[in-house]
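Numbering (my numbering), first residue to last: 302 to 512.
Built from N, CA and C at the ideal position, the CB exists for glycine as well.
None of these values were measured; they are calculated from a predicted model.
Notes follow once the structure below has been shown.
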Amino acid sequence: MLDLDETLYPRGNGVLERIDSRINAYLRDRIGIPAAEVDAVRRELRDAHGTTLCGLERRHRVDVDEYLAHVHHVDLSDLLAPAPELGALLGRLPLRKVVFTNAPRFHADQVLRLLDVADAFESVLALEDFGYRPKPDPDAYHAVLGRIGAESGRCVFVDDTRRNVVAAHRHGMRAVWITGERRDDPEVHHVIEALDELEELLGVRRDASLE
Numbered sequence: 302m303l304d305l306d307e308t309l310y311p312r313g314n315g316v317l318e319r320i321d322s323r324i325n326a327y328l329r330d331r332i333g334i335p336a337a338e339v340d341a342v343r344r345e346l347r348d349a350h351g352t353t354l355c356g357l358e359r360r361h362r363v364d365v366d367e368y369l370a371h372v373h374h375v376d377l378s379d380l381l382a383p384a385p386e387l388g389a390l391l392g393r394l395p396l397r398k399v400v401f402t403n404a405p406r407f408h409a410d411q412v413l414r415l416l417d418v419a420d421a422f423e424s425v426l427a428l429e430d431f432g433y434r435p436k437p438d439p440d441a442y443h444a445v446l447g448r449i450g451a452e453s454g455r456c457v458f459v460d461d462t463r464r465n466v467v468a469a470h471r472h473g474m475r476a477v478w479i480t481g482e483r484r485d486d487p488e489v490h491h492v493i494e495a496l497d498e499l500e501e502l503l504g505v506r507r508d509a510s511l512e
């Protein structure tokens, strides 16, 4: 199971920053939160409910589809491009591969299309597929395991968000936190800086003739 944003592509490339700006605009223009308070409100919603969306749904009764369309229907073609190295890496990993993302499907489809790696995945499990209950909600993990017909102990879970990785660990998955930097963490199985470290982690041997 691979997360999407800032897992399949490097962090800080502008994708999430663009989406964040649209979330902030939604809170300011649609909910009426003063601009100076938006960041604090978002942190409080995430801490209390897991994501900004869950907090808005429960506290402000926002229309989920309208929110997702406002936030995620944005062109990312100037920020993402085909990633042949990523496609080759995914092809070498000797496991079934699925995307497990808190993003809506239309965002996931756009990202995978722009990276040109959609064919590398058996399936894409987006926010709609687990009842709009995002990671790290336990229901999300149960729903995804049921959809793919897998036992948690046979899954490798890779994500850039620590709380999601810790939750996967608690569900019995082999939990991998991709951080962009070297560090240790006792609550996850592995910490990696970049996705290509999965090869060594999974014991994949490179064929020198293909280099």
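| Query | Result |
| --- | --- |
| Of the choices Leu446, Asp460, Gly333, whose alpha-carbon is the least far from that of Gly454? | Leu446 |
| Unbroken alpha helix (DSSP H) runs of length 4 or more, entirely within the stretch 339-405: which are they? | 339-350, 353-361, 365-373, 385-393 |
| If you draw a straight line from the C-alpha of Asp497 to the C-alpha of Gly333, how long is it? | 43 Å |
| Per DSSP, Leu426 is paired with what? | Phe401 |
| Under three-state DSSP, which class holds His443? | helix |
| What's the call for His373, buried or exposed, on a 16-neighbour Cβ count within 10 Å? | buried |
| Assuming Arg434 contacts Asp440 (C-beta within less than 8 Å), just tell me the rounded distance between them. | 5 Å |
| Looking only at its chain, what residues have a beta carbon closer than 7 Å to the beta carbon of Leu317, apart from the 5 residues adjacent to it on each side? | Asp306, Glu307 |
| How many Å lie between Gly504 and Arg359 at the Cα? | 44 Å |
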